[in-house]
Amino acid sequence: MTAPWPVAELDPVRRMRVLAASIPGVMYTEEHLRIPYERVWAYVDDVETSIPALITDIRSFRVVGRDTAAPDPAEKRLTAKAAGLLGNRGDFEVVLKPGWCLMQSRLVIGGMAATPEGDGTRFAGCGGLRFAGGRLLVAMVAATGGGHRMIKRLRQELDD
Amino acid sequence: MAETGEAAPRPPDRFAIAADLVRRAQRGDAVAMNDLLDLLTPYVARLCGPIALQDSADAAQEALLAVFQGLRNVRDPGALYGWVRTTAVREAVRVARRNQHQIPAELDDVPAAGSPELAADIRDVLGRLSPEHRAILVLREIEGLDEKAAADLLTISPGTAKSRLSRAKSTFRKAWTS
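Protein sequences, first through last, are from chains U and R.
Counting with our numbering, you get residues 347 to 506 for the letters of the first sequence.
Counting with our numbering, you get residues 4 to 181 for the letters of the second sequence.
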């Protein structure tokens, strides 16, 4: 039997579902956007602009390094410095590739994923805190619609 | 974690990389989980594709969910690939059964050699088999397991495995020689 066997396709949003469901205490939100995928991801990909606009706790997000040894040429491994509204600072590792953005600091995990869906985009976001008591805080944010607020801001930024 | 059968030959560095990533993922490192997803997804996709067919994306997602949610219990990262294989095949059969869109034809009813239907690609032939028959084919033809190991993984008797494999292969032979 030499014919090619069918292979399953796992789009970035499905990948994000797996990741978010596997990290304890991570909040996850997923919605359909009536905005073409290319436009959504072109915006998200510019993380220095998109992260502070979408995550209101972050005042600035500055890329300070890039690992050029990433095995996937479409993937960027970045180091970024984030400054919070209260003056708090954090160094983030960022994995960025089409439809996929994962960020991690010593205390925070965040991610966004997108895939084309019809004429629009299926968009997912997740976030969590990596310290004792973090789960409770994240649960409170989730209970008050924190994830949906982030996606609402994305819609506003893209004038949907 | 149940390891069954002989592992398919793989570069040894992949095992070492996976073992390191598992340890880091168990400590809550999301970047390590990202890298482990990159490493395991192609393997899971190859196993789920031929078994779950049109539901293969659901099956791969369910399989990876089961794997990643079970990572914290992994004591021997060296046995990771065997466990992933077992999980992926079982999830693919479960999802394919759950979403079964058509009742598979009895293998004896498969169109005769020369039928235009059998001139189509491998997917069409696979679609005429039950998920259980597709699973045994995948384990033998893609993973290279022997019949006993495949039977253990699918929790069926070696006789049933042998019979399913024989009938599934016969279907393929007819399709390929038509």
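Note that the Cβ used here is the ideal one computed from N, Cα and C, for glycine as well.
Indicate whether Leu168/R and Glu146/R have their beta-carbon atoms separated by less than 8 angstroms.
-> Here residue 168/R corresponds to residue number 165 of the second sequence, with the count starting at 1. Here residue 146/R corresponds to residue number 143 of the second sequence, with the count starting at 1. In this structure, Glu146/R does not lie closer than 8 angstroms to Leu168/R by Cβ.
In chain order, what residues of the same chain lie with their CB nearer than 8 angstroms to the CB of Thr395/U, ignoring the 5 residues before and after it?
-> Stepping through the first sequence from its first residue, residue 395/U is reached at position 49. Cβ neighbours of Thr395/U within its own chain (closer than 8 angstroms, five residues either side excluded): Tyr389.
How big is the Cα-Cα spacing for Glu512/U and Arg131/R?
-> This structure does not reach residue 512/U, given that chain U is present from 347 up to 506, and the question cannot be answered.
Quick one: Cα of Ile159/R to Cα of Pro398/U, how far?
-> As a position in the second sequence, residue 159/R is number 156, starting the count at 1. As a position in the first sequence, residue 398/U is number 52, starting the count at 1. About 55 angstroms.
Hey, does Gln153/R have any beta-carbon neighbour from chain U nearer than 8 angstroms?
-> Taking the first residue of the second sequence as 1, we reach residue 153/R at position 150. Looking at the sequence provided, one finds Ala at residue 153/R rather than Gln. With 8 angstroms as the cut-off, Ala153/R does not count as an interface residue toward chain U.
Span separating the alpha-carbon of Tyr46/R from that of Ala367/U | To locate residue 46/R, count along the second sequence from 1; it is residue 43. To locate residue 367/U, count along the first sequence from 1; it is residue 21. Rounded to whole angstroms, Tyr46/R and Ala367/U show a C-alpha spacing of 20 angstroms.
Range of the contiguous alpha helix (DSSP H) that encloses Gln72/R | Translated into the one-based positions of the second sequence, residue 72/R becomes position 69. Per DSSP, Gln72/R belongs to the alpha helix (DSSP H) from 59-72.
CB contact check: Arg26/R to chain U, cutoff 8 angstroms | Looking up residue 26/R in the second sequence gives position 23. Contacts with chain U at 8 angstroms (Cβ-Cβ) do not include Arg26/R.
Under 8 angstroms between the Cβ atoms of Leu68/R and Ala28/R?
-> On the second sequence, position 65 is the one that residue 68/R refers to. On the second sequence, position 25 is the one that residue 28/R refers to. Taking 8 angstroms as the Cβ cut-off, Leu68/R and Ala28/R do not qualify as a contacting pair.
At a Cβ threshold of 8 angstroms, is Gly492/U touching chain R?
-> Translated into positions along the first sequence, residue 492/U becomes position 146. Output row for Gly492/U: interface = no.
Pick from Gly479/U, Ala460/U, Arg495/U, Thr490/U that is closest to Gly371/U, judged by C-alpha positions = As a first step, residue 371/U is located in the first sequence; it is residue number 25 there, counting from the start. Taking Gly371/U as reference, the option from Gly479/U, Ala460/U, Arg495/U, Thr490/U with the minimal CA-CA separation is Gly479/U.
Going by DSSP, name the residue or residues bridged to Pro462/U.
-> Within the first sequence, numbered from 1, the residue matching residue 462/U stands at position 116. According to DSSP, residue pairing for Pro462/U in a beta bridge involves Thr467/U.
Member of Ala426/U, Leu431/U, Thr402/U, Thr414/U whose CA lies at the smallest distance from the CA of Ser451/U = As a first step, residue 451/U is located in the first sequence; it is residue number 105 there, counting from the start. Taking only the C-alpha atoms, the option nearest Ser451/U is Ala426/U.
Would you mind telling me which residues of chain U sit closer than 8 angstroms to Ile20/R, beta carbon to beta carbon, in chain order?
-> Sequence index remark: in the second sequence, residue 20/R carries index 17 (1-based). Here the premise fails: no neighbours, minimum Cβ distance about 11 angstroms.
Going along the chain, which residues of its own chain have a beta-carbon closer than 7 angstroms to the beta-carbon of Glu463/U, five neighbours each way excluded?
-> Counted from its first residue, the first sequence places residue 463/U at position 117. Result list for Glu463/U: His378, in chain order.
Is Ser451/U helix, strand or coil by DSSP?
-> Mapped onto the first sequence, residue 451/U falls at position 105. DSSP places Ser451/U in coil when its eight states are reduced to three.
Under the three-state reduction of DSSP, which class applies to Arg78/R: helix, strand or coil?
-> The residue given as residue 78/R occupies position 75 in the second sequence. In the structure shown, Arg78/R sits in coil (DSSP, three-state: anything other than H, G, I, E or B).
For Asp23/R, I'd like the list of residues in its chain whose CB is within less than 6 angstroms of its CB, leaving aside the five on either flank, ordered along the chain.
-> The sequence position of residue 23/R within the second sequence is 20, counting from 1. Excluding sequence neighbours, Asp23/R sits near nothing in its chain.
Quick one: which residues of the stretch 56-87 of chain R get their C-beta closer than 8 angstroms to a C-beta of chain U? List them in chain order.
-> The residues in question are Leu56, Ser59, Ala60, Ala62, Ala63, Gln64, Leu67, Leu68, Phe71, Gln72, Leu74.
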